[in-house]
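K.L.:
When the sequence shown is numbered by the numbering used here, its final residue is 515 and no position is left out of the sequence of numbers.
C-beta atoms are modelled at their ideal positions from N, C-alpha and C, and glycine is treated no differently.
My questions all concern the structure below.
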Amino acid sequence: MSRRRIGFWYRLAAVIVKPPLIVLMKRDWRGMEHIPAEGGFLTAVNHNSHIDPFAYAHFQYNTGRVPRFLAKASLFKPPVVGHFMRSTGQIPVVRATADAAVAFHAAVDAVNKGECVVFYPEGTLTRDPGMWPMVGKTGVARVALLTKAPVIPIAQWGANELLPPYAKKPALLPRKTHRVLVGPPVDLSAYYGKEPTAEVLREITETIMNAVKDLLAQLRGEPAPDHLYDPRKATREARTEPATEARTEPATEARTERETEPGAEAGVPPGAGEPAPTGPGAEPRAGAEKPAQARAEAPASAPNQAQEGA
Numbered sequence: 206m207s208r209r210r211i212g213f214w215y216r217l218a219a220v221i222v223k224p225p226l227i228v229l230m231k232r233d234w235r236g237m238e239h240i241p242a243e244g245g246f247l248t249a250v251n252h253n254s255h256i257d258p259f260a261y262a263h264f265q266y267n268t269g270r271v272p273r274f275l276a277k278a279s280l281f282k283p284p285v286v287g288h289f290m291r292s293t294g295q296i297p298v299v300r301a302t303a304d305a306a307v308a309f310h311a312a313v314d315a316v317n318k319g320e321c322v323v324f325y326p327e328g329t330l331t332r333d334p335g336m337w338p339m340v341g342k343t344g345v346a347r348v349a350l351l352t353k354a355p356v357i358p359i360a361q362w363g364a365n366e367l368l369p370p371y372a373k374k375p376a377l378l379p380r381k382t383h384r385v386l387v388g389p390p391v392d393l394s395a396y397y398g399k400e401p402t403a404e405v406l407r408e409i410t411e412t413i414m415n416a417v418k419d420l421l422a423q424l425r426g427e428p429a430p431d432h433l434y435d436p437r438k439a440t441r442e443a444r445t446e447p448a449t450e451a452r453t454e455p456a457t458e459a460r461t462e463r464e465t466e467p468g469a470e471a472g473v474p475p476g477a478g479e480p481a482p483t484g485p486g487a488e489p490r491a492g493a494e495k496p497a498q499a500r501a502e503a504p505a506s507a508p509n510q511a512q513e514g515a
């Protein structure tokens, strides 16, 4: 089968969703020629707003190749929304369970039937401080190896300006532009036939996400970071930094106190500026000169002993 027919429910969803999207956002969509006209394929898309799945679906719908999303299973629970999701062929995913494998099998079946399956490899809104793509999960790599179907990298920008990540209210004015740039298929031929080990899957996923990142750099007109943001690594580093500071702080404070004692910077021994002890039986302070009378009474045959306190 070459492609999936749009069907009644998809057309109805388009009638409901497209008008507000057209009103809210202008469109700058480029690279549609890279969307295959026939056969199954995968798309890998960055995620930076809660509404970008709708904006992206609008773009994909207009290419004539309707998308099937891998979506959270919780979205299928509300009666009306769930009915739409199932009727339009979306694929539920229960994360971190054995049912996630079922979703990948469903994705493989859809691709083999000639459909377009959309992956958001990051799995959540980007947490990169600069809004760049993050390290991706390996589901898209697994399906790519099993199907050998084209993997099309796609970058989008603009929905995040209408509704920034985790924002509760949209910024309606001025009117925003939804920008999409589609790249050529990612060349994964070097990995075909390899055992799908964790390392191989990570390499494939990184290759795909770097292609998305480079496309986003073109959209934004600014250089992308050298590496994909890894939120787990960032969390580990944030946890270890306070512990490191706590270990080094006492030693630093003690050293600072010693260095700031009077005369320390000039190399004068501590206490050299304090008054010498007086009174019967008082011993001269270490490092201080003995009284003149004591020097006079000292035996002439022991000059070195008289100079030890100098």
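Tell me which residues share the same chain as Pro358 and place their Cβ nearer than 7 Å to its Cβ, disregarding the 5 neighbours each side in the sequence.
P.N.:
Within the same chain, Pro358 has close Cβ partners Ala249, Gly388, Val391, Ile413, Ala416, Val417, Leu420.
K.L.:
Can you check the segment 212-260 for any alpha helix (DSSP H) of at least 4 residues that lies completely inside it and give the ranges in chain order?
P.N.:
The segment 212-260 contains these whole alpha helix (DSSP H) runs: 212-229.
K.L.:
Below 8 Å on the Cβ atoms is my contact criterion, and I expect Phe289 with Arg347 to pass it. Report the Cβ-Cβ distance as a whole number of Å.
P.N.:
Not really, about 27 Å apart at Cβ, beyond 8 Å.
K.L.:
Per DSSP, Pro272 is paired with what?
P.N.:
Partner(s): Cys321.
K.L.:
Name the residue from Arg270, Gln295, Leu247 whose alpha carbon lies nearest to the alpha carbon of Phe281.
P.N.:
Phe281 has its Cα closest to that of Gln295, out of Arg270, Gln295, Leu247.
K.L.:
Curious, which full-length alpha helix (DSSP H) runs of at least 4 residues does the segment 362-410 contain?
P.N.:
Complete alpha helix (DSSP H) runs here, min 4: 364-367.
K.L.:
Contact check, Met230 vs Arg425 under 8 Å by CB: the rounded distance?
P.N.:
Contact doesn't hold; Cβ gap of about 17 Å is too wide.
K.L.:
Please report the straight-line C-alpha distance between Ala439 and Met336, rounded to a whole angstrom.
P.N.:
Taking the straight line joining both Cα atoms gives about 15 Å.
K.L.:
Per DSSP, Ile357 forms a beta bridge with which residues?
P.N.:
In the DSSP output, where bridge partners are listed per residue, Ile357 has Thr248.
K.L.:
Taking Val322 as the reference, which of Glu427, Ile240, Tyr434 has the closest Cα?
P.N.:
Residue Ile240 is the option with its Cα nearest to Val322.
K.L.:
Grab me the residues of Pro375's own chain with a C-beta within less than 7 Å of its C-beta, minus the 5 sequence neighbours each way, in chain order.
P.N.:
Hits under 7 Å: Leu367, Leu368.
K.L.:
Once DSSP output is grouped into helix, strand and coil, what is the label at Lys277?
P.N.:
In this structure, Lys277 counts as strand in the three-state DSSP scheme.
K.L.:
Under the rule that 16 or more other beta-carbon atoms within 10 Å means buried, what is Tyr434, buried or exposed?
P.N.:
Tyr434 should be labelled buried.
K.L.:
Expressed to the nearest angstrom, what Euclidean distance is found between the alpha-carbon atoms of Leu351 and Leu377?
P.N.:
Using only the alpha carbons, I get a separation of about 43 Å.
K.L.:
Output the boundary residues of the alpha helix (DSSP H) element that contains Val286.
P.N.:
It spans 284-292 - the alpha helix (DSSP H) in which Val286 sits, taken as one unbroken run.
K.L.:
Counting along the chain, where does the beta strand (DSSP E) carrying Val345 start and finish?
P.N.:
Not the beta strand (DSSP E): Val345 falls in the alpha helix (DSSP H), residues 344-352.
K.L.:
Enumerate in chain order the residues of its own chain whose CB-to-CB distance from Tyr215 is below 6 Å, with the five nearest sequence positions on each side excluded.
P.N.:
For Tyr215, where only same-chain residues beyond five positions count, the Cβ hits under 6 Å are Val271, Thr293.
K.L.:
Would Asn251 pass as a contact of Ala360 if the rule is Cβ separation under 7 Å?
P.N.:
Yes, the pair counts as a contact, with Cβ atoms nearer than the cut-off.
K.L.:
Given this structure, state the Cα-to-Cα distance separating Val356 from Thr410, to the nearest angstrom.
P.N.:
Cα-Cα distance, rounded: 11 Å.
K.L.:
Could you tell me if Val228 is buried or exposed, where buried requires 16 or more neighbouring beta carbons within 10 angstroms of its beta carbon?
P.N.:
Val228 comes out exposed.
K.L.:
Hey, Ala278 and Val298 are a contact pair by Cβ (cut 8 Å); roughly how many whole angstroms apart?
P.N.:
Contact flag correct, Cβ pair sits at about 6 Å.
K.L.:
Relative to the C-alpha of Leu386, which candidate in Gln423, Thr343, Asn253 has its C-alpha closest?
P.N.:
The option with the nearest alpha carbon to Leu386 is Gln423.
K.L.:
Based on the DSSP secondary-structure assignment, which residues constitute the bridge partners of Ile296?
P.N.:
Answer is Leu275, bridged to Ile296.
K.L.:
Nearest CA to the CA of Ala372: which residue from Leu393, Gly328, Asn253, Glu238?
P.N.:
Nearest C-alpha to Ala372: Asn253.
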